[in-house]
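First the structure, in the form of structure tokens, and then the observations on it.
Number of protein chains: 2
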Amino acid sequence: MQRHIRVLAWIPLVIGAIALTAANRPAPDSPQYTTDGRLQLPQNYREWVFLSSGLGMTYGPIGTGHVMFDNVFVNPSAYRSFLDTGRWPDKTVLVLEARGAESKGSINRDGHFQGEIMAIETHVKDEKRFPRQWAFFGFRGTATVSEPAAEPAATCYTCHEPNGAVDTTFVQFYPTLIPIARAKGTFKTTP
Amino acid sequence: MQRHIRVLAWIPLVIGAIALTAANRPAPDSPQYTTDGRLQLPQNYREWVFLSSGLGMTYGPIGTGHVMFDNVFVNPSAYRSFLDTGRWPDKTVLVLEARGAESKGSINRDGHFQGEIMAIETHVKDEKRFPRQWAFFGFRGTATVSEPAAEPAATCYTCHEPNGAVDTTFVQFYPTLIPIARAKGTFKTTP
Numbered sequence: 583m584q585r586h587i588r589v590l591a592w593i594p595l596v597i598g599a600i601a602l603t604a605a606n607r608p609a610p611d612s613p614q615y616t617t618d619g620r621l622q623l624p625q626n627y628r629e630w631v632f633l634s635s636g637l638g639m640t641y642g643p644i645g646t647g648h649v650m651f652d653n654v655f656v657n658p659s660a661y662r663s664f665l666d667t668g669r670w671p672d673k674t675v676l677v678l679e680a681r682g683a684e685s686k687g688s689i690n691r692d693g694h695f696q697g698e699i700m701a702i703e704t705h706v707k708d709e710k711r712f713p714r715q716w717a718f719f720g721f722r723g724t725a726t727v728s729e730p731a732a733e734p735a736a737t738c739y740t741c742h743e744p745n746g747a748v749d750t751t752f753v754q755f756y757p758t759l760i761p762i763a764r765a766k767g768t769f770k771t772t773p
Numbered sequence: 583m584q585r586h587i588r589v590l591a592w593i594p595l596v597i598g599a600i601a602l603t604a605a606n607r608p609a610p611d612s613p614q615y616t617t618d619g620r621l622q623l624p625q626n627y628r629e630w631v632f633l634s635s636g637l638g639m640t641y642g643p644i645g646t647g648h649v650m651f652d653n654v655f656v657n658p659s660a661y662r663s664f665l666d667t668g669r670w671p672d673k674t675v676l677v678l679e680a681r682g683a684e685s686k687g688s689i690n691r692d693g694h695f696q697g698e699i700m701a702i703e704t705h706v707k708d709e710k711r712f713p714r715q716w717a718f719f720g721f722r723g724t725a726t727v728s729e730p731a732a733e734p735a736a737t738c739y740t741c742h743e744p745n746g747a748v749d750t751t752f753v754q755f756y757p758t759l760i761p762i763a764r765a766k767g768t769f770k771t772t773p
């Protein structure tokens, strides 16, 4: 009987050890880099949390380029933190996937549906790594390793920083996050 | 020493018992019904796996109604099964969320972004419950309980059954699933 109790006493210890190990490990969806500082494309970003889609969204001059859909995904650990605080935590990764807009395929007779990937861009918060806390990385074609981070003078920064509703990000276009940011007082009304 | 070995021998038993309990429980993202057979809106479907978006997609006559975005999500357990088999397992839940298409908000100057929810429709596979294996449930406004399942003669069935590329579902519009279904031989080329 005493031996039985001793055996049972081990169980919480084992579970505790597993939990401690998990707590000290970075979230599995944290940004990963190559040794020369490029971002590795998160392999399963399509299983991350979807924030929204747009079609043909343009912030600059109208009518340039092919009309595309954009889908935005965020890593689940950052999403959960945003739900609690209305802020993006360190190690947030936003992935913007641009896809061609198709029409009149299969039984579809009007409107647009999504085709192949045309480009992938990411917006990453890594406070100690980047001088402006956030950085932008683009991926060419089907590359799984990004180009070098955009230069600090690039337009991605100069547009996102003044215009992003929450911490340089375009939460104003993510309908499920708007009420959270407003409730937490982190939503900045932009021009 | 012998006692030590006996203690360690317990650990796989405990883990095995936990795993067995989990295996016998229905997936937490399985469809849930009211006692009168209506579907309960999955509370966290926005955290499910996103399949695709369209804008103004019409299968019927062109030019009717307000142009809307549609976002499609699937429960994660069904998604994982589809990746392995190219088929939808029992208890698949597809959620179609229609949202208004907004334009010229914030710094956006062209194109469309997503606004408020206009309608939610679901397509549910529950082989023993539905005579046609699948059923459609719509939700009015902000309701969290559906209307009764669509009648078997409804157009949702008569359109999805002949035209859905995989098992009455419109996989032909879900770009990440098309190559999987083709590789598994489950993709049916439709008109």
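These protein sequence lines map, in sequence, to chains A and B.
According to our numbering, the first sequence holds residues 583 to 773 in order.
According to our numbering, the second sequence holds residues 583 to 773 in order.
We put the beta carbon where it would ideally sit given N, CA and C, even for glycine.
Keep in mind that this is a model prediction, so the values were computed, not measured.
Exercise. Between A/GLY687 and A/VAL677, what straight-line distance do the alpha-carbon atoms span, to the nearest angstrom?
Worked result: 27 Å
Exercise. Which residues in the same chain as A/PRO743 place their Cβ atom closer than 7 Å to its Cβ, once the five residues preceding and following it in sequence are excluded?
Worked result: The sequence as given places Glu at residue 743 of chain A; Pro does not occur at that position. Excluding residues within five positions, the ones whose Cβ falls inside 7 Å are THR750.
Problem set entry | Residue of B/VAL656, B/ARG681, B/ASP708, B/PRO671 minimising C-alpha distance to B/TYR756 | B/VAL656
Exercise. Listing by chain order, which chain B residues have their CB less than 8 Å from the CB of A/ARG628?
Worked result: Near A/ARG628 (Cβ distances below 8 Å), the residues of chain B are VAL631, PHE632, THR758.
Problem set entry | Whether A/GLY697 touches A/ALA763 by CB criterion (8 Å) | One thing to note: A/GLY697 has its Cβ no nearer than 8 Å to the Cβ of A/ALA763.
For this session: Could you please give the first and the last residue of the uninterrupted alpha helix (DSSP H) stretch that includes B/ASP666?
Result: In the DSSP assignment, B/ASP666 falls within the unbroken alpha helix (DSSP H) covering 658 to 667.
For this session: Give the residues of chain A in contact with B/PHE651, contact being defined as C-beta atoms less than 9 Å apart.
Result: SER634, SER635, GLY636, LEU637
Problem set entry | Cβ shell of A/GLU684 (< 6 Å), same chain only, five flanking positions each side left out | Cβ within range, chain order: PHE695, GLY697.
For this session: Report yes if the C-beta distance between B/PRO608 and B/VAL675 is below 8 Å; otherwise report no.
Result: no
Exercise. With a cut-off of 8 Å, does the C-beta of B/PHE695 fall near any C-beta of chain A?
Worked result: For B/PHE695, the answer is yes, since a Cβ of chain A falls inside 8 Å of its Cβ.
Exercise. Under three-state DSSP, which class holds A/LYS770?
Worked result: coil
Exercise. Quick one: Cα of B/ASP708 to Cα of A/GLU709, how far?
Worked result: Their backbone Cα atoms lie some 47 Å apart in a straight line.
Exercise. For A/PRO734, is the classification buried or exposed, using 16 other Cβ atoms within 10 angstroms of its Cβ as the cut-off for buried?
Worked result: exposed
Problem set entry | Reduced DSSP secondary structure (H/G/I, E/B, other) of A/PHE755 | helix
Problem set entry | First and last residue of the uninterrupted beta strand (DSSP E) at A/THR704 | 692 to 707
Exercise. Quick one: which chain B residues come within Cβ less than 8 Å of A/ARG681?
Worked result: PRO757
For this session: Quick one: list the residues of chain B neighbouring A/ASP749, beta-carbon separation under 7 Å, in chain order.
Result: Within 7 Å Cβ-Cβ: nothing; A/ASP749 doesn't reach chain B, min ~15 Å.
Problem set entry | Cβ distance (whole Å) where A/ALA731 is taken to contact A/ALA717 below 8 Å | 4 Å
Problem set entry | Exposure label - A/ILE644; buried when at least 16 CB within 10 Å | Low confidence applies here, because A/ILE644 scores a pLDDT of 48, under 50, leaving its location unreliable; read the following figure in that light. Under this definition A/ILE644 is an exposed residue.
Exercise. Residues bridged to B/VAL649 by DSSP?
Worked result: Its beta-bridge partners do not exist; DSSP assigns none.
Exercise. Can you tell me the Cα-Cα spacing of A/THR771 and A/CYS741, whole angstroms?
Worked result: 15 Å
Exercise. How many whole angstroms separate the CB atoms of B/ASN774 and B/ARG620, which I take to be in contact at a CB cut-off of 8 Å?
Worked result: Nothing about residue 774 of chain B can be reported from this structure: the residues present for chain B run from 583 to 773 only.
Problem set entry | Contacts that B/GLU703 makes with chain A (C-beta to C-beta distance below 9 Å) | Result: empty, since nearest Cβ-Cβ is about 16 Å, beyond 9 Å.
Exercise. Any idea what DSSP makes of A/ALA765, helix, strand or coil?
Worked result: helix
Exercise. Which chain A residues are close to B/GLU698, counting only those with a beta carbon under 8 Å from its beta carbon?
Worked result: PRO757
Exercise. Rounded to whole angstroms, how far is the Cβ of A/VAL631 from the Cβ of B/GLU629, which I believe are closer than 8 Å?
Worked result: 6 Å
Problem set entry | Boundaries of the beta strand (DSSP E) in which A/GLU684 is found, first to last residue | 675 to 684
For this session: Have a look at A/SER659 and A/ASP611 and give me their C-alpha separation to the nearest angstrom.
Result: 7 Å
For this session: Name the residue from B/THR737, B/THR704, B/ARG714 whose alpha carbon lies nearest to the alpha carbon of B/PHE721.
Result: Distances from the alpha-carbon of B/PHE721 to those of B/THR737, B/THR704, B/ARG714 put B/THR704 closest.
Exercise. Buried or exposed: where does A/GLY723 fall if 16 or more other Cβ atoms within 10 Å of its Cβ makes it buried?
Worked result: With fewer than 16 other Cβ atoms within 10 Å, it is exposed.
Exercise. Is the distance from the Cβ of A/LEU637 to the Cβ of A/LEU759 below 8 Å?
Worked result: No; because the gap between Cβ atoms is not below 8 Å, this pair is not in contact.
Problem set entry | Nearest-angstrom beta carbon gap, B/PRO613 and B/LYS673 [assumed within contact, 8 Å] | 6 Å
Problem set entry | Residue burial classification, A/GLY693 (beta-carbon count within 10 angstroms, cutoff 16) | buried
Exercise. Between B/ASP692 and chain A, is there a C-beta pair that is closer than 8 Å?
Worked result: yes
Exercise. Do you know how far the Cα of A/PRO671 is from the Cα of A/PHE664?
Worked result: 7 Å
For this session: Have a look at A/VAL767 and A/PRO761 and give me their C-alpha separation to the nearest angstrom.
Result: According to the sequence as given, residue 767 of chain A is Gly; it is not Val. Computed Cα separation, rounded: 10 Å.
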